[in-house]
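Data block below; observations after.
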Amino acid sequence: MDDIIQLAYALDTFYFLMSGALVMWMAAGFSMLEAGLVRSKNTVEILTKNIALFAIASIMYLLMGYGIMYPADGNGVIPYPDLSFMFGGDNETADVLASNGETYYSGMSDFFFQVVFVATAMSIVSGAVAERMKLWAFLAFTVVMTGLIYPLQGYWKWGGGFLDAAGFNDFAGSGVVHLCGASAALAGVLLLGARKGKYGDDGSIRAIPGANMPLATLGTFILWLGWFGFNGGSELKLSNIEEANAVALIFVNTNAAAAGGVVAALLAARAIFGKADLTMTLNGALAGLVAITAEPLAPSPIWATIVGMMGGVIVVFAILGLDKLKIDDPVGAISVHGVVGVWGLLAVPMSNSEATFGAQLLGLVVIFAWTFSASFATWFIIKKLFGIRVSEEEEYNGVDLSECGMEAYPEFTGGRSPGM
Amino acid sequence: MKLVSAVIKPFKLDDVRERLSDIGITGITVVEVKGFGRQKGHTELYRGAEYVVDFLPKIKLEIAVDDSLLEQTIEAITSAAKTGKIGDGKIFVYDLQHVVRIRTGETGAEAL
């Protein structure tokens with residue numbers, strides 16, 4: 264019997280680690296997606312933001328975030344943080360065997376699986392504020408978001424806090440990760456302002472096309488792949504027939520929702536603009552994935568497809584709507600992760616009878632209210648102390664030069680001629 | 024000697040080059056340019072926002088020729104580059120004062 268316990272522990276730990284590795288790969292997906300949707304003069308900066316935020320998130324979560332989000336104790340609203348994680352330690356074999364299946368995975372693997380989720384939430388912000396924010400202002404915000412803002416609302420749901428007690432359902436994080444990231448992004452964008460020239464005084468909206476559609480598409484496919492870890496890993500266990508079946512269904516539903524999102528966004532763009540729009544289609548895939556993230560297990564595959572399709576339609580209108588409100592979001596992050604995140608949360612009761620609209624509404628309002636206000640305050644302080652926006656001339660020349668002193672495509676943008 | 028400068032549609036470059044080669048022209052300089060005449064641009068769509076592409080990509084050729092070849096050169100370019108649709112381009116002819124072949128130092132007609 265001990266052998267079975269050992270094997271199951273190893274398998275479930277392995278599963279956590281591999282799922283976490285897949286979610287880590289989403290960082291590459293975000294990097295490529297964002298790099299493809301900004302102009303070439305702003306590419307180095309956004310790539311720097313993406314790799315730096317992943318690193319900062321990893322460290323801040325290790326130092327304090329994990330301890331806040333999964334404390335040994337708390338009163339439901341305020342966690343009593345356990346800050347010893349950084350010093351290491353894991354389950355003793357004897358304790359695991361004695362727990363008779365209750366302790367079924369390595370503590371370290373749980374951290375690893377969780378830390379990649381923080382990074383995902385944070386990277387949502389980088390796309391929305393692209394092309395005009397100071398790099399170091401963004402990184403300063405990252406420290407606060409990954410060390411405190413995200414972990415606290417994470418505690419309220421996944422750490423066993425009051426949202427969990429209230430019956431709020433969020434399987435893999437449409438709310439805790441995606442809506443949270445989008446709320447922080449919205450707060451930043453409102454304080455930052457739109458890119459110069461994006462909106463005309465007469466109400467016109469100017470297109471600012473992205474530099475590299477292949478990268479944007481690659482990024483989307485990478486995110487799609489990583490999402491199997493994001494949703495699949497959130498089942499948290501694999502090592503028996505029921506769990507294995509559940510994980511398999513989650514994979515199928517995740518894929519189905521993404522596919523539904525693609526088709527719906529593609530058709531919506533065709534209907535509204537008269538032509539297919541690749542960038543809307545890519546956003547549609549992500550919208551489908553965000554939508555199903557709150558509940559990828561309960562629905563049937565066909566219902567998952569429909570949930571994804573609704574996400575794909577919503578995201579197209581949300582993107583157009585935000586532009587009409589003059590909220591400039593170069594990659595559609597707030598629409599994909601925020602607006603569709605709300606849809607994902609509210610769709611849960613339609614397939615999960617244990618969820619209620621009331622609890623879902625409570626969860627989404629609390630997550631938004633906390634994240635938005637804490638983020639707004641943080642951005643505001645950073646703005647007052649150091650400023651968050653580059654100068655007009657720096658914005659014109661590109662943040663690659665002003666923030667990074669480097670070009671992404673030196674041979675093609677005139678910095679250096681080919682042949683030398 | 025004359026310098027013939029022709030702005031043509033990019034996809035016509037190969038045809039023009041072949042015709043010029045047929046009449047004995049062996050040297051051309053090509054540069055990618057943007058421009059518009061009476062053709063004007065077109066509108067594109069990006070995430071619901073329209074933008075006008077005013078400057079259209081064109082190719083500019085420069086060929087240095089002896090006066091005796093001028094008429095044939097113009098005829099060759101015109102016939103090869105013409106599509107009959109708006110935006111076919113223009114040919115400009117300049118007087119060429121002096122020509123030097125860098126490798127040998129030859130000047131004038133021998134350098135062409």
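Chains as they are written, first to last, in my numbering: chain L, 264 to 683; chain R, 24 to 135.
Quick reminder that beta carbons are idealized off the backbone N, C-alpha and C, glycines included.
Legend entry - For Gly-283(L) and Lys-420(L), believed in contact at Cβ under 8 Å, the rounded distance: About 19 Å separates the two Cβ atoms, so there is no contact after all.
Legend entry - First and last residue of the uninterrupted beta strand (DSSP E) at Ala-72(R): 72-76
Inset, instruction - Using a Cβ cut-off of 8 Å, pull out every chain R residue sitting near Arg-469(L), in sequence order please. - result: Ala-72, Tyr-74
Inset, instruction - Within 10 angstroms of the Cβ of Gly-466(L), are there 16 or more other Cβ atoms? Answer buried if so, exposed if not. - result: exposed
Inset, instruction - Using a threshold of 8 Å, state whether the C-beta atoms of Gly-607(L) and Val-553(L) are closer than that. - result: yes
Inset, instruction - Could you give the DSSP three-state label for Thr-245(L): helix, strand or coil? - result: Since the first residue shown for chain L is 264 and the last is 683, residue 245(L) is missing from the structure and cannot be characterised.
Legend entry - Pro-564(L), enclosing alpha helix (DSSP H) - first and last residue: 564-587
Legend entry - Beta carbon proximity, Leu-68(R) to chain L, threshold 8 Å: yes
Inset, instruction - Answer yes or no: does any C-beta atom of chain R fall closer than 8 Å to that of Met-476(L)? - result: no
Inset, instruction - Could you round the C-beta distance between Val-599(L) and Val-578(L) to whole angstroms and report it? I think they count as a contact, below 8 Å. - result: 6 Å
Legend entry - For Val-359(L) and Thr-366(L), the rounded distance between their alpha carbons: 6 Å
Inset, instruction - Compute the distance between the beta-carbons of Ala-521(L) and Gly-551(L), then report whether it is under 8 Å. - result: yes
Legend entry - Within chain R, the residues that Lys-538(L) reaches when beta carbons sit closer than 7 Å: Leu-68
Legend entry - Buried versus exposed call for Lys-76(R) [16 or more other C-beta atoms within 10 Å across all chains shown]: It is Val, not Lys, that sits at residue 76(R) in the sequence shown. Looking at its Cβ environment, which holds fewer than 16 other Cβ atoms inside 10 Å, Val-76(R) is exposed.
Legend entry - Within the region 54-131 of chain R, ranges of the beta strand (DSSP E) (whole runs, at least 3 residues): 65-69, 72-76, 79-88, 112-118
Inset, instruction - Out of Phe-277(L), Gly-668(L), Ala-539(L), Lys-304(L), point me to the one whose CA is closest to Ala-474(L)'s CA. - result: Lys-304(L)
Legend entry - Collapsed DSSP secondary structure at Asp-358(L) in the structure displayed: helix
Inset, instruction - Round the Cβ separation of Arg-458(L) and Arg-395(L) to the nearest angstrom and send it over; I've been treating them as touching at under 8 Å. - result: 5 Å
Legend entry - Cβ contact check for the region 77-91 of chain R and the region 50-59 of chain R: 3 or more pairs under 8 Å: yes
Inset, instruction - Count the C-beta pairs between the region 431-441 of chain L and the region 375-388 of chain L that are closer than 8 Å, then say yes if the count reaches three, no if not. - result: yes
Inset, instruction - Quick one: grab the DSSP three-state call for Met-396(L). - result: strand
Inset, instruction - Would you please state the rounded distance, in angstroms, between the beta carbons of Glu-506(L) and Glu-498(L)? I believe it to be under 8 Å. - result: 6 Å
Legend entry - Where the beta strand (DSSP E) through Ala-29(R) begins and ends: 25-31
Inset, instruction - Using alpha carbons as the reference points, say which of Thr-306(L), Trp-490(L), Leu-426(L), Met-476(L) lies closest to Asp-540(L). - result: Met-476(L)
Inset, instruction - Out of Gly-390(L), Asp-427(L), Thr-409(L), Leu-664(L), state which residue places its alpha-carbon closest to the alpha-carbon of Ile-322(L). - result: Thr-409(L)
Legend entry - Beta-carbon proximity of Leu-316(L) to Thr-405(L), cut-off 8 Å: yes
Inset, instruction - Starting from the C-beta of Lys-589(L), find all residues in its chain whose C-beta is less than 7 Å away, skip the five residues before and the five after it, and write them out in chain order. - result: Ala-457, Tyr-462
Inset, instruction - Using 10 angstroms around the beta-carbon of Met-669(L), count the other beta-carbons present and answer buried if the total reaches 16, otherwise exposed. - result: exposed
Legend entry - Residue from Leu-411(L), Ala-320(L), Gly-292(L), Lys-312(L) whose Cα sits closest to the Cα of Ile-341(L): Leu-411(L)
Inset, instruction - Kindly list, in the order they appear in chain R, the residues whose Cβ is closer than 9 Å to that of Asp-586(L). - result: Arg-70, Gly-71, Ala-72
Inset, instruction - Helix, strand or coil for Thr-52(R), going by three-state DSSP, please let me know. - result: strand
Legend entry - N-terminal and C-terminal residue of the alpha helix (DSSP H) that Ala-479(L) is part of: 476-496
Legend entry - Span of the alpha helix (DSSP H) around Trp-421(L): Careful: Trp-421(L) lies outside any alpha helix (DSSP H) and carries neither H nor E.
Inset, instruction - Can you give me the Cβ contacts of Phe-431(L) inside the same chain, cut-off strictly under 7 Å, excluding the 5 residues immediately before and after it? - result: Lys-420, Ala-622, Gln-623, Leu-625, Gly-626
Legend entry - DSSP three-state assignment for Asp-336(L), whether helix, strand or coil: strand
Inset, instruction - With DSSP as the reference, please indicate the residues paired to Tyr-343(L) in a beta bridge. - result: Asp-336(L)
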